[in-house]
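Under my numbering, read the sequence shown as residues 4 to 530, first letter to last.
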Amino acid sequence: MQRPQGFAKIIIVLTTITAAVMELLDTTIVNVALNQIAGNLGATIEDIAWVITSYAIANVIIIPMTGFLGEYFGRKNYYLGSMILFGIASYFCGMSDSLWELVFWRFIQGIGGGALLSTSQAILFDAFEVKDRPTASGFFGMGIILGPSLGPVLGGYLVDNYEWNDIFYVNIPVCILASILTIVFIDRKEGEGQHRKSMKIDYIGIALLAVGIGNLQYILEKGESESWFESRTINTMAGLCAIGLIGFIWRELTTEHPVINLKIFKNKVFAMSTIFNLVSGFGLFTSVFIYPIMVQRINGLSSTETGLSLMFPTLLGVLFFPMIAKYLSLGGKPIPVMGVGICIFIIFGFIGGSATPEMGRWDFFPMHLLRMMGVAMLQMPLINQAVAGLQPAEYPAGIALSNMIRQLGGAFGIAVANNYATHRAAQHRTDLLANIQVENPLFQQRIQGLTQNMMQKTGDFVRSGEAAYRQLDAMVNKQAYYLAYLDTFRLVSILFLCILPFLWLLRTPRKTKAEIEKIMKASEEAH
Numbered sequence: 004m005q006r007p008q009g010f011a012k013i014i015i016v017l018t019t020i021t022a023a024v025m026e027l028l029d030t031t032i033v034n035v036a037l038n039q040i041a042g043n044l045g046a047t048i049e050d051i052a053w054v055i056t057s058y059a060i061a062n063v064i065i066i067p068m069t070g071f072l073g074e075y076f077g078r079k080n081y082y083l084g085s086m087i088l089f090g091i092a093s094y095f096c097g098m099s100d101s102l103w104e105l106v107f108w109r110f111i112q113g114i115g116g117g118a119l120l121s122t123s124q125a126i127l128f129d130a131f132e133v134k135d136r137p138t139a140s141g142f143f144g145m146g147i148i149l150g151p152s153l154g155p156v157l158g159g160y161l162v163d164n165y166e167w168n169d170i171f172y173v174n175i176p177v178c179i180l181a182s183i184l185t186i187v188f189i190d191r192k193e194g195e196g197q198h199r200k201s202m203k204i205d206y207i208g209i210a211l212l213a214v215g216i217g218n219l220q221y222i223l224e225k226g227e228s229e230s231w232f233e234s235r236t237i238n239t240m241a242g243l244c245a246i247g248l249i250g251f252i253w254r255e256l257t258t259e260h261p262v263i264n265l266k267i268f269k270n271k272v273f274a275m276s277t278i279f280n281l282v283s284g285f286g287l288f289t290s291v292f293i294y295p296i297m298v299q300r301i302n303g304l305s306s307t308e309t310g311l312s313l314m315f316p317t318l319l320g321v322l323f324f325p326m327i328a329k330y331l332s333l334g335g336k337p338i339p340v341m342g343v344g345i346c347i348f349i350i351f352g353f354i355g356g357s358a359t360p361e362m363g364r365w366d367f368f369p370m371h372l373l374r375m376m377g378v379a380m381l382q383m384p385l386i387n388q389a390v391a392g393l394q395p396a397e398y399p400a401g402i403a404l405s406n407m408i409r410q411l412g413g414a415f416g417i418a419v420a421n422n423y424a425t426h427r428a429a430q431h432r433t434d435l436l437a438n439i440q441v442e443n444p445l446f447q448q449r450i451q452g453l454t455q456n457m458m459q460k461t462g463d464f465v466r467s468g469e470a471a472y473r474q475l476d477a478m479v480n481k482q483a484y485y486l487a488y489l490d491t492f493r494l495v496s497i498l499f500l501c502i503l504p505f506l507w508l509l510r511t512p513r514k515t516k517a518e519i520e521k522i523m524k525a526s527e528e529a530h
C-alpha cells in the first residue's frame with residue numbers, strides 16, 4: 004500500500020486526532036452540565052447520571068470489537084459510518100426533551116464514538132513507516148490527553164454562556180468536516196471488506212462480551228450510589244458480569260472465528276502493557292475526576308475557572324509529546340522514559356495531596372504541568388510498546404484491547420476514587436469530632452463567635468445557637484472531605500509506586516536485522 008505523503012499525510016493526522024479528541028471529549032464534557040440538564044428535563048441527579056453511564060457502557064462494548072468490525076465492513080467504511088453515526092446521535096442528543104430519550108441517543112453516540120478511538124489509531128499508524136511509529140504514537144497520545152482535559156473547559160463555557168444542548172451540537176460541524184476529509188484523503192486498504200461473505204460472525208461471543216463488559220461498566224459507574232453489594236441490582240449485575248466475561252473468554256479461546264483475538268495475551272510484553280494501560284487510565288481519569296470536585300467544593304472555583312485551570316497546563320504539556328516521539332524515533336529506549344513518567348506521576352500525587360484550601364486557579368498550574376509531563380512520558384511510549392511485540396496482523400486486536408483496558412482503568416479509577424473519598428471523609432469526620440470537647444476554651448470561643456455572628460444577621464438568640472452548631476457541623480464536613488481528597492491524590496501515587504518495580508517486564512527482546520526486515524515486510528503486506 005502506498006503511504007500518504009505531504010499534505011495528504013498532514014490531513015490524515017489532523018483528521019484522526021480530531022476524531023479521537025472528539026470521542027474522548029464527550030466522556031467528560033457532560034459532567035459540568037448535569038445540573039442544567041437535570042433541571043431542564045425534570046430528572047433527579049441520580050437518574051441524570053445515566054447520561055454518562057450509557058455512553059461509557061456503549062464505548063467499552065464496541066471498542067474491543069473495532070478490529071473485527073473494521074475488517075468485516077472495510078476499515079474506511081466502518082470509520083466513516085461511525086463518524087456519521089456519532090454526528091447524527093449528537094444531533095438527537097441535543098434535541099432530546101426527556102431523560103430516557105437522551106440516554107438512548109447517548110448510547111448510540113457511544114457506539115459510534117467507540118469506533119473512532121481505535122480505528123483512528125490504526126489509520127494514523129498506517130500513515131507512517133514502521134520506524135516512524137513512535138511519532139504516530141506521539142500524535143495519538145496528544146489526542147488521548149486533550150480529550151478528557153478539554154471536556155470540562157468547553158462544557159463549562161457552553162453551559163455558562165449558552166444552552167446545555169450546545170455541548171452536543173458542537174460535534175456536528177466537526178463530524179461533517181472529518182467525514183469529508185475521510186472520503187477524500189483516507190484510502191481503502193487493499194482488499195478491505197472483500198472477505199465479508201466468507202467471514203463468520205461470532206454472535207455468541209459478541210453477546211457474551213456485551214453482557215460481561217456492559218454489566219462491569221454499570222457496576223463501576225453506579226456502584227457507589229447504590230451502596231455496592233448491599234444493592235440487589237448490583238449483585239445481579241455482578242453475577243451477569245461474571246457469566247458474561249468467563250463465557251466470553253472461554254468462547255474466544257475455543258472458537259475458530261473469534262470476534263477478538265485473546266490469544267495475543269500469550270505475548271508477555273502485551274499482557275504486561277495491559278496492566279500498565281489499566282494503571283495509566285486509572286491515574287489519568289482519577290486525577291481529572293477528583294481535582295474539579297475538590298477545587299469547586301473546597302477552593303470555591305467556578306466550573307469555567309476549574310476548566311481553565313486544567314486547560315493551560317494541558318495545552319503546554321502536549322508539547323512534550325512530539326519531543327518524546329522524536330527521541331523514540333531516533334532509537335531512544337522507551338522503558339527509561341516510562342520510568343521517569345511514573346516517578347513524575349508519583350510526585351504529582353504527593354503534591355496534590357499537599358494542596359491547601361487557599362490555593363487559587365494559578366497555584367495549581369505547576370502541579371498540572373507536572374501531571375502532563377508524567378502522562379506524556381508514560382502514555383506515549385506505552386501506546387507504541389503495547390504492540391511492539393505483536394505481529395502486524397495482530398495490531399487491530401492489540402490496539403482495540405489496549406484502548407478498552409485504558410477506558411476500563413479510567414472507569415475503575417473513578418469508582419475507586421469516589422468510594423475511597425467517601426469512606427475516608429467519614430473516617431476524618433469521626434476523628435475531627437473526637438477532638439471537639441465542650442470544655443475546650445477554643446471550642447467555646449468558636450461557638451460564641453458563630454452565635455454572635457448569626458444573631459447580628461437574624462436577631463434571634465435561640466435559633467442563633469442552633470444555627471451556629473449547624474454551621475460548625477458544615478465546617479467539619481468540609482474539612483473531612485478536604486482531607487479525603489488529599490488522601491485520594493496520595494492513593495494515585497501509591498498505585499504508581501506499586502507498579503514501578505515491574506516496568507522491566509515491558510522490555511522487548513532485541514531483534515536481529517533480518518527479523519526487523521521480516522516484520523517490516525509483513526507490516527507492508529498487512530497494510
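The beta carbon of each residue, even a glycine, is placed where N, CA and C say it ideally should be.
As the structure is a computational prediction, the values presented were derived from the model and not from experiment.
So, at 8 Å on beta carbons, what are the nonlocal neighbours of Ala517 in its own chain, with the 5 sequence-adjacent residues on each side left out?
In the sequence shown, the residue the question calls residue 517 occupies position 514. Since pLDDT at Ala517 reaches only 49, below the 50 mark, its modelled position is unreliable, and no value is offered.
Can you grab the Cα-Cα spacing for the pair Asp129 / Gln410, in whole Å?
Translated into the one-based positions of the sequence shown, residue 129 becomes position 126. Translated into the one-based positions of the sequence shown, residue 410 becomes position 407. The straight-line gap from Cα to Cα measures roughly 23 Å.
DSSP on Lys203, reduced to helix/strand/coil?
Translated into positions along the sequence shown, residue 203 becomes position 200. Coil.
Chain-order list of residues whose beta-carbon lies under 8 Å from that of Lys521 (same chain, five-residue window excluded)
For the purposes of this step, residue 521 is taken as the residue at position 518 of the sequence shown. Note that Lys521 scores a pLDDT of 44, beneath 50, so its modelled location is shaky; the value from the coordinates is reported in the next line. Counting only Cβ-Cβ distances below 8 Å, and skipping sequence neighbours, we find nothing.
Boundaries of the alpha helix (DSSP H) in which Ile437 is found, first to last residue
Translated into positions along the sequence shown, residue 437 becomes position 434. The displayed chain sequence assigns Ala, not Ile, to residue 437. Per DSSP, Ala437 belongs to the alpha helix (DSSP H) from Tyr398 to Ala437.
Counting pairs of Cβ atoms below 8 Å between the stretch 267-275 and the stretch 395-408, do you hit three or more?
yes
Could you name each continuous alpha helix (DSSP H) segment of 4 residues or more that falls completely within the stretch 42-102, going from the start of the chain to the end?
48-51, 53-65, 69-76 and 78-98
Near Thr515, what residues of its chain come up, given a Cβ to Cβ distance below 6 Å and the 5 sequence neighbours on each side ignored?
Within the sequence shown, residue 515 is the residue found at index 512, counting from 1. Reliability of the predicted coordinates at Thr515 is poor, the pLDDT of 44 falling under 50, and no value is obtained from them.
Does DSSP classify Ala130 as helix, strand or coil?
The sequence position of residue 130 within the sequence shown is 127, counting from 1. Reduced to three states, the DSSP call for Ala130 is coil.
Quick one: measure Cβ to Cβ for Ala400 and Asn280, integer angstroms, because I've assumed they're closer than 8 Å.
Here residue 400 corresponds to residue number 397 of the sequence shown, with the count starting at 1. Here residue 280 corresponds to residue number 277 of the sequence shown, with the count starting at 1. Not quite, the Cβ-Cβ distance comes to about 14 Å (not below 8 Å), so this is no contact.
Which same chain residues, not among the five before or five after Phe367, have their C-beta less than 6 Å away from its C-beta?
Translated into the one-based positions of the sequence shown, residue 367 becomes position 364. Cβ neighbours of Phe367 beyond the five flanking positions: Ser312.
Burial state of Asp29, where buried means 16 or more other Cβ atoms lie within 10 Å
Your numbering for residue 29 matches position 26 in the sequence shown. It is buried - the Cβ of Asp29 has at least 16 other Cβ atoms within 10 Å.
Let me see if you follow: with CB-CB separation under 8 Å, is Leu436 close to chain D or not?
Of the chains in the structure shown, none is chain D; there is only one protein chain.
Determine the closest residue to Arg432 out of Thr31, Trp53, Pro360 and Gln482, with distance taken between C-alpha atoms.
Counting from one through the sequence shown, the residue named residue 432 turns up at place 429. The shortest C-alpha separation from Arg432 is found at Gln482.
How would you write the range of the alpha helix (DSSP H) that His371 sits in, first residue to last?
Translated into positions along the sequence shown, residue 371 becomes position 368. Phe368 to Gln388 is the span of the alpha helix (DSSP H), which, as asked, contains His371.
Among Phe353, Val54, Ile65 and Ser234, nearest to Ile32 - alpha-carbon criterion
For the purposes of this step, residue 32 is identified with residue 29 of the sequence shown, where counting begins at 1. Measuring from the Cα of Ile32, the nearest candidate turns out to be Val54.
With three or more C-beta pairs closer than 8 Å as the rule, is the stretch 288-306 touching the stretch 152-162?
yes
In whole angstroms, give me the CA-to-CA distance for Trp167 and Val173.
The residue given as residue 167 occupies position 164 in the sequence shown. The residue given as residue 173 occupies position 170 in the sequence shown. Each residue's Cα considered, the two are about 11 Å apart.
Have a look at Asp434 and Leu475 and give me their C-alpha separation to the nearest angstrom.
Taking the sequence shown and counting its residues from 1, the one referred to as residue 434 is at position 431. Taking the sequence shown and counting its residues from 1, the one referred to as residue 475 is at position 472. For Asp434 and Leu475, the distance between alpha carbons rounds to 15 Å.
Please look up how many angstroms separate the CB atoms of Gly412 and Val272, rounded, as I've assumed it's under 8 Å.
Taking the sequence shown and counting its residues from 1, the one referred to as residue 412 is at position 409. Taking the sequence shown and counting its residues from 1, the one referred to as residue 272 is at position 269. The Cβ separation is near 18 Å, so there is no contact.
Can you give the Cα-Cα distance for Val106 and Ser57, rounded to whole angstroms?
Looking up residue 106 in the sequence shown gives position 103. Looking up residue 57 in the sequence shown gives position 54. If I take the Cα positions, the gap works out to 6 Å.
Start and end residues, alpha helix (DSSP H) containing Val298
As a working note, residue 298 is residue 295 in the sequence shown. Note, Val298: alpha helix (DSSP H), Lys271 to Arg300.
Check whether Thr491 and Ala424 have beta carbons under 8 Å apart
Taking the sequence shown and counting its residues from 1, one reaches residue 491 at position 488. Taking the sequence shown and counting its residues from 1, one reaches residue 424 at position 421. Yes. Within cutoff.
Report the three-state DSSP secondary structure of Phe478 (helix, strand or coil).
Walking along the sequence shown from the start, residue 478 turns up at place 475. The sequence as given places Met at residue 478; Phe does not occur at that position. Note: Met478 maps to helix in three-state DSSP.
Cβ shell of Arg364 (< 7 Å), same chain only, five flanking positions each side left out:
Position 361 of the sequence shown, counting from 1, holds the residue named residue 364. The answer, listed in chain order, is Leu304, Glu308, Leu311 and Ser312.
Indicate the three-state DSSP secondary structure (helix, strand or coil) for Phe348 in the structure shown.
Translated into the one-based positions of the sequence shown, residue 348 becomes position 345. Correct three-state label for Phe348: helix.
Three-state class that DSSP yields for Gln112 in the structure shown:
As a working note, residue 112 is residue 109 in the sequence shown. Here Gln112 sits in helix by DSSP.
Count the CB pairs spanning the stretch 174-194 and the stretch 374-384 that are closer than 8 Å, and state whether there are at least three.
no
Using the C-alpha atoms, what's the distance from Leu489 back to Val262?
On the sequence shown, residue 262 is found 259 positions in, with the first residue counted as 1. On the sequence shown, residue 489 is found 486 positions in, with the first residue counted as 1. Roughly 43 Å between the two C-alpha positions.
Cβ-based burial, Thr138 [other Cβ within 10 Å; buried from 16]:
To locate residue 138, count along the sequence shown from 1; it is residue 135. Flag for Thr138 reads buried.
Within the continuous alpha helix (DSSP H) that includes Thr182, where are the two ends?
Counting from 1 along the sequence shown, the entry for residue 182 is found at position 179. One detail in the question is off: residue 182 reads as Ser in this sequence, not Thr. Its alpha helix (DSSP H) spans residues Asn174 to Phe188.
Kindly list the residues whose CB is nearer than 7 Å to the CB of Arg191, restricted to its own chain and excluding five residues on each side of it in sequence; keep chain order.
As a first step, residue 191 must be located in the sequence shown, where it is residue number 188. Gly77 and Lys79.
Using three-state DSSP, classify Glu308 as helix, strand or coil.
Taking the first residue of the sequence shown as 1, we reach residue 308 at position 305. Helix.
Could you tell me how far apart the beta carbons of Pro316 and His371 are, in whole angstroms, since I believe they sit closer than 8 Å?
The count along the sequence shown starts at 1 and reaches residue 316 at position 313. The count along the sequence shown starts at 1 and reaches residue 371 at position 368. With a Cβ gap of about 4 Å, Pro316 and His371 count as contacting.
Which residue comes first and which comes last in the alpha helix (DSSP H) that contains Tyr330?
In the sequence shown, residue 330 corresponds to position 327, counting from 1. Taken as a continuous stretch (DSSP letters only), the alpha helix (DSSP H) holding Tyr330 covers Phe323 to Ser332.
Along the alpha helix (DSSP H) that carries Phe251, what are the first and last residues, could you check?
As a working note, residue 251 is residue 248 in the sequence shown. Unbroken alpha helix (DSSP H) run through Phe251: Arg235 to Thr257.
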